[in-house]
Amino acid sequence: MELKPEFVNNYQVGGSLPMDAQFYVVRSADRQIYEGLRQGEFCYVFNARQMGKSSLMVRMMHQLRQDGYCCTAIDMTRICGEKITPEQWYKGLVVELWQGFEMFNRVNLKSWWSDRQDLSLVQRLSQFIEEILLVEIQGEDNANLAPIVICFDEIDSILSLDFSVNDFFALIRACYNQRSVNPKYQRLTFALFGVATPSNLIDDARRTPFNIGRAIELNGFDRHEAQPLLVGLEQTVANPQLVLKEILAWTNGQPFLTQKLCQLVRSFPPDACLGKETEWIDQLIRTRIISNWQTQDEPEHLKTIRDRLLNNQEKAGSLLSMYQQILHQGFIKANSSIEQQELLLAGLIIKQGSKLKVRNRIYQQIFDLLWIEIQLSQLRPYSESLRAWQKSQYTDKSRLLRGQALKDAQKWSWGKSLSDLDYRFLSSSEKLDRLETQQAFEIERANEIKARLLEKQKTVRLQRYFSIALGCALFSALGFGAIAYGQYRQAAFNEIQALSNYSEALFASNRRLEALISAIEVKQKWQQLNYQDEATDRQIDSVLRQAIYRLDEYNRLSGHTAKVFGVDISPSGRLIATGSEDTTVKLWKSDGTLLDTFEGHQATVWDVSFSPDSQIVATASRDKTVKLWQRNGKLIDTFEGHQDEVVGVAFSPDGQMIATASRDKTVKLWQRNGKLIDTIQAHQSAVWKAVFSPDGRMLATASEDKTVKLWKLDARGRFQLHRTLRGHTREIRDVAFSPDGKIIASVSHDNTAKLWQRDSGKLLHTLESHSSPIVGVVFSPNNQIVATASWDKTIKIWNFEGALLKTLSIDKKRIWDIDFSPDGKTIASASEENVVKLAKLDNPLLKVLRSHSEPIIDVAFNLQRNIIATASDDHTLKFWDENGLLLNTFKSEQDSVLGVAWSLDGRRLISGHWNGAINFLQVKDFNPLKIRLNKTVKGHQVGVWRATVSPNGKLIATASEDKIAKLWDWQGNLITSLNGHQDVVRAVAFSRDSQIVATASYDKTVKLWNTKGDILATLEKHNNGVGALDISSDGQAIATADIDGVIKLLQIQQKQGRMTVNFDKTFKAHTDEVRKVVFSPDGKLLASASEDNTIKLWHRDGKLIETLYGHDEAVWSIAFSADSKTMVSASEDKTAIIWDLEEMSKLDLLAAGCDQIQDYLRTNAELSQDERSLCDDSDL
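Residues in the sequence shown are numbered from 319 upward in steps of one, following the working numbering.
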C-alpha cells in the first residue's frame, strides 16, 4: 500500500517560504536564474509583488551555497529610509555586505570607512568590493576561490530616495566590464529583485547594467509545476487534482492567491463535495475572498494592487482607463508604454504573446467595471458629466463643462497623465465654453439695448423704432440678420436652454434647492415665451420633475454671521434654536421665520438644548457659562462653575435636571434654578457631551480620552460610574441614546460611529463610510435609524444593523451638529456656512420603503391583494402593503435574493438566489402576513436573475447567470432546460397563451422557445448584451432592452400555428443599462428601469410620457399593480418607491415645486424681493 507523506505544515500565505517547505513550487524561473548565476551572468527578476521573488531568491542562494558559492542578500528597504543622506545610503550598503559575508574579525569597518573620506561614495563602495570582498572571501577549503553572488532584494526601494543612485547601477556594469582586465572580477556576479522596470531605476542607457544583464521572467504556477501543493490537499478533499485544477482556474497560478486558496481549503474543508468540486471552490472563493474583500484581505494582497493603481494621483486616471479598456475588450495590444508597465507591475494584468489581459478571474471580479467607475468618479471632479457625455455618443453638449466647473477641472488635470477620453472631454468643453461665453456676451449686449429702449419708450415714435433698433442690435450681436422679433425669441429660447442646463448642473453638484429654483424660473420663462418645441418642453419638464422629486434641502435659516455649531429642534416641533461662533443664540419658527436673537454670551456658543416642554432654551459657551432663556429671549439664569469652555448641555427627560459637559474634564449636574447638584470628575480629557437616557436613570458622556462612560443613578440620587465603552481610536465628539434606551451611538474623530448595547456594553456595529471626523449623531424619533454628521460635509443615515441607507450632501462646508424633527421627517444641520439647513429625509410626494440593508434587486406585486414583495442582497424578502407599511420580513438561508414572483392566486411565490437556489414559498396567513418555505431546489449553478409565472399560472421560468433558463412546476419539479445562450440570461417572459418563452441574454440575442425547450427563433438585432424583456398582456408586442440603454419594440403575429416577429421601433431610452422593462397589465404603458437612476414611462408606440426621478442609485426593477395605476420600483440605493401614477399625471409641476420651497422664499433673509416673488403667480 502506498503511504502518503504526512503533512504537518500549513501553506504559507505571504512572506518568503522556508527552505524545507514541502509545498515550494519550482518554476522555470528557478532553473533560469540558477543557471544564469552559475554562468556568471548579471540577472534580474522584476515583477509584481507577492509573485514569489523573495522565495525564489532564498532557494537559489541555498542551491548556490551547496555548490560552494558565497552568497548574501541585501534587503534594500533596510537602507532606504526617510531623510537618509547619500553617505548614509552608501555606507549602509557597505555595512550590509560586511555583515552578510561575516567579516567582523577581518576588517575594522569604522576605520576603513574613515580612512577614505577623500573618495567619492561610489568609489568607496567600489574599493570595498575590490580590496575587501574579492580578497578576504576565499572559500571553504581556502584552496579555490569561491564565486561570489550578491543579491539585492526590494531594489525598487531606491525610488523613494531624494537623490540619484545611478552611480550604483553604473558600478554593477563596471564590475562586469572589469572582467576583461582583472580576472578576479570573474568571481563576482549580481542579482536584483523588485517591483520596477530597468528604466524606472536608471534611465542612462550608457551606464545601465540592464542591457548587458539577463531578465528572468517569473510566471504563475502551471498545473504541472503546482503538483507539490497536492500534499496538503490530499488530506482534505477526495479529489485533490480536480480541486487544484479549479483553484488554478481562478488564480491563473498567481502564487500568493494559490497558496491562500489551498490554505482556505484546509481551513474550511467541505462536508462532502465529491462531484461538486467546481461549485464548492466557487462558493469558497466568493465567501472567503471576493465578498467584503477589503475586510478579508489578510495578509494584504488585493489592497496592495489597489494602492499601486490609485496612490499615484497623476497616473491613476490613465491606469484605470487602460485597465477599463482591457476589461471591455478582453485584451489590448502590448506596446511597452509606461502605463502598461505600471499595470504589469501592479500585478493586475499579464502579457500573453502580444496581448495584455487580466491576470485572473479573482482580480476580474473584484476590480470589475463597477469598481473602476467608482474609482474614476472619485478621481475626476467631473466623472458624472463625462460618463453621461460618453453614453450620449459624445452628442449631449449639456454634459460638457463650463465656467468655474471647467476651470476647476483644468486645474485638477494639470500635471496628470489622463486618458484619451479625458483629453477629448476637456477639449470639447473648452471649445463649447468659449462659444457660449461669446454668445452670452452678445445676448447681454442685445438685452442691454432692449432695456435702454424700453426705458426711453415714451413716444409712439420710439415705440415704432423699437423693433428696428432691437433687430439691428441682435443682427450685430448674434450675426443673424433676420427679423428682430424672431431674433429676440431665438435669443430668449437660447437663454432658456442655457438656464435649463444650469439647473441640471446645480442638481448634479448637490445644490438641489438652487436647482429647483432655477428649474421653476426656466418653466415660467418657457411659458411666457409661448414657443412651440416639443423636445425642449419635455426637457424643461424633466429637469423640473427631477428637481421636485429629488429635493432634499428645502429651507435655510440664514442670519448668523459666523459658523453655526449647535442646533436643536424643540420637542413640540414648532421651534428651532441655533448657537454660533458669533456669540448669539437665535430662535426660529419651524418654517424658518426668525423670532428672536439672544445676546449675552461673551464667546462662541457651542451647544443648544430645549427643555422637554419646549419652553426653555439652555446654551453652552466658550465663555465657561451655561445660560437658560425663555422663548421670548429673556435671560432666566447663568450657571457658572466650569473652569474651561462648556461644550455640551442637555435636559433630563423630566426637565428638572441639566447636565453640562466641559473641556475642564468634568460633567456638572444642575437644578433648573441654577443650584449645582454634583460635579463628576468624568474623564482624563475634555468632555464633549453628556446626555440622559430616555428613562433618566443613566448618563452617557463622550470625551477626548477616546472613551464613552455610562453613569447610573444610585439610591441616593447620584450618578456612579457603571461602565466604560472603549473602541474608538481618537477623541469622541458626540453620544446619543436610542429612543427606547437600548442602544448607544458614539461618533469620533477616527471617522467612525459605533453602536453599543446599553445593558451589556457590547459593541454591536461600527459604521464606516465618512472620510473625516464625525461630530454629530442623533436617532430618529421612531427608533428606526440613526444619522451621523461629519466634517466631510455629509450626513449619513444608517439602520441599526450598521447598513448605510442614505447620504445627504446638502452642506458645502464642515457640519457640526444635526437634529431630527419630532416626526422624523426633517433633519437640520448646522455648519460652517453660517446657516442651518433643513432637509426632508424622504420626498413628501413619494412613498419610500426603507428597511433593507443592501440593494434591492427585484420587486413584485401580488395582483390579488396589492402586497408588494422586495428581494434584496441582504438575503431577505420583505413584504409591504400599498401604503408602504412593512408587513413581514422573510430571512432566507440562501444567498442574496435576486428575483421574486407571485403566483396568480397570490398565495404562493418563488424567489431566486445568487447561489443558484430557488425557494418555493407559501402564504400561511394574510392577517397578519405569515410566509412559509415549502421547498428549496438547487435550480442553477449560480445566480437566478429573474423568475416569472406563466399567464395560465402553471409554469415558472427562471433566468440565470449560468447561461440557462429553466421551466418548473409549483412542486419544484424541473420541466425543461432552455440551453442555447452563450452568455448570462438576464430576463425571461411568457407569451399570452403560455406556450412560448422568450429569453434575453448578454450574448446580444433574444431567443423564443416552446415549452419543450425547442428554439423557435433567435433575434439578433441588439449591438450589446440584452438584459431585459417583457411581452405585452395581449401577446402582440415584445419589448427588449440592452446594456447600452437601447429599447427595441417588436410585433408578434401568430397565424395557423406559425409565428412571425417584426422589429417595429428602436430608440435610445436611457444613458445607461436598462435593468428591466415591463408592460402594464392594461397594455397601455411600458416602463423601463435603468442604471442611470431613472424610470421612464412610454406609450406602447415608444413615445416618452415622462421620466421619474426619486432614486439615488441604479434602479434594478419595477412592477405594476393590477389596475396599472400604481407602480413600485427597487433600487441599488436600498429603497423601493411606490409611485401613484394617476396622481402624478395630474400634478401641476410649477405648483408642486413652489409648494416645496414656499417657506424658503417667504422667510430666508438673504433673498431679494424679486427672488421672493418667484412663485407669486403660482397656485400654491
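Yeah, the Cβ is synthetic: ideal placement off N, Cα and C, and Gly gets one too.
On a predicted model such as this, the values are computed, not experimentally measured, just so you know.
Taking the C-alpha atoms as reference points, what is the distance between residue i and residue j?
i            : j            : result
residue 1310 : residue 1377 : 13 Å
residue 1077 : residue 709  : 53 Å
residue 790  : residue 1409 : Because residue 790 sits at a pLDDT of 42, beneath the cut-off of 50, its placement in the model cannot be relied upon, and the point is left open.
residue 1251 : residue 1240 : 6 Å
residue 955  : residue 935  : 11 Å
residue 1382 : residue 1324 : 15 Å
residue 617  : residue 582  : 13 Å
residue 1133 : residue 701  : 25 Å
residue 1026 : residue 1343 : 53 Å
residue 1405 : residue 1398 : 8 Å
residue 722  : residue 1155 : 24 Å
residue 520  : residue 361  : 16 Å
residue 694  : residue 1430 : 18 Å
residue 690  : residue 642  : 7 Å
residue 434  : residue 354  : 35 Å
residue 1434 : residue 1136 : 32 Å
According to DSSP, what are the bridge partners of residue i?
i            : result
residue 1094 : 1107
residue 989  : 975
residue 1327 : 1315, 1333
residue 270  : Any answer about residue 270 is impossible in this case: the structure gives the chain only from 319 up to 1498.
residue 966  : 979
residue 1297 : 1282
residue 849  : DSSP, once it has assigned bridges, lists no residue as partnering residue 849.
residue 1052 : 1065
residue 561  : None; residue 561 has no bridge partner.
Looking only at C-alpha atoms, which of the options sits nearest to residue i?
i            : options               : result
residue 1100 : 1057, 660, 1118       : 1057
residue 575  : 593, 596, 547         : 547
residue 995  : 1067, 1451, 1013, 976 : 976
residue 1329 : 1295, 897, 430, 1364  : 1295
residue 1046 : 1405, 1028, 833, 1067 : 1067
residue 963  : 920, 447, 993, 500    : 920
residue 687  : 638, 949, 1416, 1189  : 638
residue 1096 : 1113, 1160, 685       : 1113
residue 704  : 745, 682, 415, 619    : 745
residue 1162 : 1142, 1153, 491       : 1142
residue 1407 : 1391, 1422, 1400      : 1391
Quick one: is residue i buried, meaning 16 or more other Cβ sit within 10 Å of its Cβ, or exposed?
i            : result
residue 1035 : exposed
residue 1441 : exposed
residue 336  : exposed
residue 542  : exposed
residue 779  : Any answer about residue 779 is weak, because its pLDDT of 35 lies below 50 and its placement is not dependable; what the coordinates show is given next. Residue 779 is exposed by the Cβ-count criterion.
residue 1001 : buried
residue 556  : exposed
residue 529  : exposed
residue 1266 : buried
residue 1455 : buried
residue 1203 : exposed
residue 646  : exposed
residue 558  : buried
residue 540  : exposed
residue 422  : exposed
**Prompt:** Counting Cβ pairs closer than 8 Å, one from the stretch 1165-1178 and one from the stretch 912-925, do we hit at least three?
**Reply:** no
**Request:** Report yes or no: do the stretch 846-854 and the stretch 881-888 share at least 3 C-beta pairs separated by less than 8 Å?
**Result:** no
**Request:** Inspect the CB distances between the stretch 924-940 and the stretch 1175-1187 and report whether three or more fall short of 8 Å.
**Result:** no
**Asked** Between the stretch 445-464 and the stretch 373-380, do at least 3 Cβ pairs fall closer than 8 Å?
**Response** no
**Asked** Would you call the stretch 1465-1475 and the stretch 1433-1452 touching, i.e. three or more CB-CB distances under 8 Å?
**Response** no
**Asked** Using 8 Å as the threshold, is the stretch 1272-1280 in touch with the stretch 1296-1316, meaning 3 or more CB pairs across them?
**Response** yes
**Asked** Are there three or more Cβ pairs, one per stretch, closer than 8 Å when the stretch 559-569 is compared with the stretch 515-530?
**Response** no
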